[in-house]
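Peer 1: Quick note, the sequence shown lines up with residues -14 to 184 if you use this note's numbering.
Backbone N, C-alpha and C fix where the C-beta goes; we use that ideal spot for every residue, glycine too.
This structure is a prediction, so every number in the text was calculated from the model and none was measured.
I'd like to ask you about the structure that follows.
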Amino acid sequence: MTARFVASAAREEQFIRDGKQVVVFAGRSNVGKSSVINLLTGVRNLAKVGKSPGKTAHVNYFAIDETLYFADLPGYGYAKVSHAEKLRWAALLEAFFAKPENITFGVLVTDARHKPTALDLQMAGLFRQAGIPFLTIANKVDKLKATQVRPSLEQIAETLELTRLPLPVSGETGTGKQEVLRAIYRELSEGRKNGTPEQ
């Protein structure tokens, strides 16, 4: 796999809509989206990992094998971001999802250590309302004991009303990398033939 940074969109007119497939990554601030993208692409520091949350304020695009894009959305739920900035992020996301035909697949990144928040549930609902198939992953499973993993996955699935358990992932150790890539490329190859709103 080859991967490179392409663009950072702060406004709707900067969104890349050139007909290529787009896999969008969403999750709350500090959940480790950047680490997950770096893990999947195998390119260290492709997506910048900030030392403090709330740093991804734009939609960042990465070209994958020059045939599709990974799009990293701004993280949500960081309390220290100003109200005006939160409103700007909300408007950016609203514009991004206003044309769901330009989004092929979604990856909702959750934290394996914590119960999903109301904002996580809203994001899952946004994917569903837009008719965008999505995969839920539980990042940071390396921080859990082996006996805690299954209960954590079950709690996430129940809270987000998923039809299957999220995939356990660690952006640090590499756990789950191949499983997530297989799920993404399976959806990209099959398209939306099955019409299911989630994976």
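Measure how close the beta-carbons of residue 47 and residue 31 come, nearest whole angstrom, since I'm counting them as under 8 Å.
Peer 2: Along the sequence shown, read from residue 1 onward, the residue named residue 47 stands at position 62. Along the sequence shown, read from residue 1 onward, the residue named residue 31 stands at position 46. Residue 47 to residue 31, Cβ: 6 Å. Contact.
Peer 1: For the putative contact between residue 89 and residue 8, defined by C-beta atoms under 8 Å, what is the C-beta separation to the nearest angstrom?
Peer 2: Translated into the one-based positions of the sequence shown, residue 89 becomes position 104. Translated into the one-based positions of the sequence shown, residue 8 becomes position 23. Indeed, because the Cβ distance is near 6 Å, the residues count as touching under 8 Å.
Peer 1: If we count the other Cβ atoms within 10 Å of its Cβ and call it buried at 16 or more, is residue -14 buried or exposed?
Peer 2: As a working note, residue -14 is residue 1 in the sequence shown. That one is exposed.
Peer 1: Is the distance from the Cβ of residue 97 to the Cβ of residue 137 below 8 Å?
Peer 2: Position 112 of the sequence shown, counting from 1, holds the residue named residue 97. Position 152 of the sequence shown, counting from 1, holds the residue named residue 137. In contact: residue 97 and residue 137 (Cβ atoms closer than 8 Å).
Peer 1: Can you check DSSP and say which residues form a bridge with residue 120?
Peer 2: One-based indexing of the sequence shown puts residue 120 at position 135. Answer is 92, bridged to residue 120.
Peer 1: Short of 6 Å in beta carbon distance, which residues of its chain neighbour residue 150, apart from the five on each side in sequence? Order them along the chain.
Peer 2: If you number the sequence shown from 1, residue 150 lands on position 165. Excluding sequence neighbours, residue 150 sits near 138, 142.
Peer 1: Per DSSP, which one or two residues make a beta bridge with residue 7?
Peer 2: Here residue 7 is taken as the residue at index 22 of the sequence shown, counted from 1. Partner(s): 54.
Peer 1: Is residue 152 helix, strand or coil by DSSP?
Peer 2: By one-based count along the sequence shown, residue 152 stands at place 167. Residue state, collapsed to three classes: strand.
Peer 1: Look at the alpha carbon of residue 13 and the alpha carbon of residue 120, and state the distance between them as a whole number of angstroms.
Peer 2: Reading the sequence shown from its first residue, position 28 is the one you call residue 13. Reading the sequence shown from its first residue, position 135 is the one you call residue 120. Each residue's alpha carbon lies about 15 Å from the other.
Peer 1: Note down, in chain order, each residue of its chain lying with its Cβ closer than 6 Å to the Cβ of residue 171, except the 5 sequence neighbours on either side.
Peer 2: Translated into the one-based positions of the sequence shown, residue 171 becomes position 186. Cβ neighbours of residue 171 beyond the five flanking positions: none.
Peer 1: Among 74, 152, 72, 134, whose alpha-carbon lies nearest the alpha-carbon of residue 93?
Peer 2: Taking the sequence shown and counting its residues from 1, one reaches residue 93 at position 108. Out of 74, 152, 72, 134, 152 has the C-alpha closest to the C-alpha of residue 93.
Peer 1: Give a yes or no on whether the minimum CB-CB distance between residue 125 and chain B is below 8 Å.
Peer 2: Within the model displayed, chain B is absent; a lone protein chain is all it includes.
Peer 1: Is it true that the CB of residue 158 sits closer than 8 Å to the CB of residue 100?
Peer 2: In the sequence shown, the residue the question calls residue 100 occupies position 115. In the sequence shown, the residue the question calls residue 158 occupies position 173. Result no, Cβ atoms of residue 100 and residue 158 do not sit closer than 8 Å.
Peer 1: I need the DSSP call for residue 13, collapsed to helix, strand or coil.
Peer 2: To locate residue 13, count along the sequence shown from 1; it is residue 28. Residue state, collapsed to three classes: strand.
Peer 1: With a 10 Å radius around its C-beta and 16 neighbouring C-beta atoms as the bar for buried, classify residue 180 as buried or exposed.
Peer 2: As a first step, residue 180 must be located in the sequence shown, where it is residue number 195. Confidence is the limiting factor: at residue 180 the pLDDT is only 46, short of 50, which leaves the residue's position unreliable and the question unanswerable from this model.
Peer 1: Which word fits residue 106, buried or exposed, when buried means at least 16 other C-beta atoms lie within 10 angstroms of its C-beta?
Peer 2: For this step, residue 106 is matched to residue 121 along the sequence shown. Looking at its Cβ environment, which holds fewer than 16 other Cβ atoms inside 10 Å, residue 106 is exposed.
Peer 1: Give me the residue from 155, 24, 102, 160 with the minimum Cα distance to residue 62.
Peer 2: Counting from 1 along the sequence shown, the entry for residue 62 is found at position 77. That would be 102, whose Cα lies nearest to the Cα of residue 62.
Peer 1: Going by DSSP in three states, residue 137 sits in which element: helix, strand or coil?
Peer 2: Taking the sequence shown and counting its residues from 1, one reaches residue 137 at position 152. In the three-state reduction of the DSSP assignment, residue 137 falls in the helix class, which pools H, G and I.
Peer 1: Return the residue from the list 17, 0, 6, 80 that minimises the CA-CA distance to residue 128.
Peer 2: As a working note, residue 128 is residue 143 in the sequence shown. Selected option, being the one with the closest Cα: 17.
Peer 1: Based on DSSP bridge pairs, tell me the residues matched to residue -11.
Peer 2: In the sequence shown, residue -11 corresponds to position 4, counting from 1. According to DSSP, which records beta bridges pairwise, residue -11 is partnered with 48.
Peer 1: For residue 95, count the other beta carbons within 10 Å of its own beta carbon; 16 or more makes it buried, fewer makes it exposed. Which is it?
Peer 2: Looking up residue 95 in the sequence shown gives position 110. So residue 95 ends up on the buried side.
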